[in-house]
Each structure stands twice: as structure tokens, then as C-alpha cells.
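Using the numbering used here, read the sequence shown as starting at 37 and increasing by one per residue. Glycine included, C-beta positions come from ideal geometry on N, C-alpha and C. Each remark here refers to the structure printed beneath this line.
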Amino acid sequence: MEAFYRRYLTRCNEHRFDDLGEFVDADVRVNGVPTGLDQYAAGMRAVVDAFPDYHWDLQHLLVDGDWLSAHLIDTGTHTGTFLDVPATGRTVSAEEFAIYRFSDGKIVDSWGNLDSSVRHQLT
Numbered sequence: 037m038e039a040f041y042r043r044y045l046t047r048c049n050e051h052r053f054d055d056l057g058e059f060v061d062a063d064v065r066v067n068g069v070p071t072g073l074d075q076y077a078a079g080m081r082a083v084v085d086a087f088p089d090y091h092w093d094l095q096h097l098l099v100d101g102d103w104l105s106a107h108l109i110d111t112g113t114h115t116g117t118f119l120d121v122p123a124t125g126r127t128v129s130a131e132e133f134a135i136y137r138f139s140d141g142k143i144v145d146s147w148g149n150l151d152s153s154v155r156h157q158l159t
């Protein structure tokens with residue numbers, strides 16, 4: 037599962053969100069809400085639209101059965117509107133904690149928590 041997640045993260049860092057179906061179930065839930073693959077990918081595209089150089093840097097990874105937990109440092113340059121804040125040109129860095137549940141070799145549940153410093157860094 038670790039190698040699988042690292043491949044997923046590589047695709048994310050390459051901003052190849054059309055490839056996410058290889059990793060994410062069509063009926064994925066995000067933070068407990070049925071979201072679906074299209075909305076899942078759209079959410080990631082929205083981040084990259086605002087931060088074209090957005091990068092997820094894996095710090096720690098834990099696997100327990102069908103569960104995976106990741107601690108990441110996310111960075112990007114704010115060149116588009118995000119959280120209703122117009123582009124500032126600032127580079128932001130934030131810690132992200134994500135938990136995933138896998139079934140049949142794909143992510144079926146995803147919970148994420150990005151630290152609250154992003155808005156502060158933009159304003």
C-alpha cells in the first residue's frame with residue numbers, strides 16, 4: 037500500500053488528475069460525504085488553479101490493514117483566488133494530515149485536515 041500511495045502522490049504532484057481513477061474509487065467519500073471521483077479530482081484542480089506549483093511533500097506514512105495515514109507539507113505560490121482571497125503572489129507552506137481507507141485496491145474514503153495557517157499566510 038505504501039508504494040501505491042507514493043505512486044498516487046507522484047500523479048498528484050504532476051497534476052495528472054485525469055489519472056486519479058487508477059487510485060481512487062468512483063464512489064469515493066471525502067470527510068464522510070459521498071463525493072465521487074469527478075468532484076474529488078475537481079477539488080484538487082481548484083487548489084492547483086490557485087497554486088499552479090502546488091506540491092505535496094510526504095513526511096510520514098503509516099499503514100494499518102486497509103488504512104493509511106499521511107503527514108504532508110504542502111507548498112505553493114498563490115496566483116489565483118483561494119478561500120475567497122484574490123491572488124497574492126505569496127508562497128505558502130502548510131501541514132496536512134490525511135487518512136485514507138482502501139477497498140479493492142483503491143481509495144474509498146479520504147479525510148483531510150490542512151492546518152489553518154493557509155488563510156493567515158494569504159492575508
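Using the Cα positions of residue i and residue j, report the straight-line distance between them to the nearest angstrom.
| i | j | result |
| --- | --- | --- |
| D120 | L158 | 10 Å |
| G148 | T115 | 23 Å |
| T46 | E38 | 12 Å |
Could you tell me if residue i is buried or exposed, where buried requires 16 or more neighbouring beta carbons within 10 angstroms of its beta carbon?
| i | result |
| --- | --- |
| A62 | exposed |
| G79 | exposed |
How is residue i classed by DSSP in three states: helix, strand or coil?
| i | result |
| --- | --- |
| T124 | coil |
| R52 | coil |
| T111 | strand |
| S153 | helix |
| G57 | helix |
List the residues that DSSP assigns as beta-bridge partners of residue i.
| i | result |
| --- | --- |
| G72 | DSSP output for G72 lists no bridge partner at all. |
| D100 | W103 |
How many whole angstroms separate the CB atoms of residue i and residue j, which I take to be in contact at a CB cut-off of 8 Å?
| i | j | result |
| --- | --- | --- |
| G112 | D89 | 6 Å |
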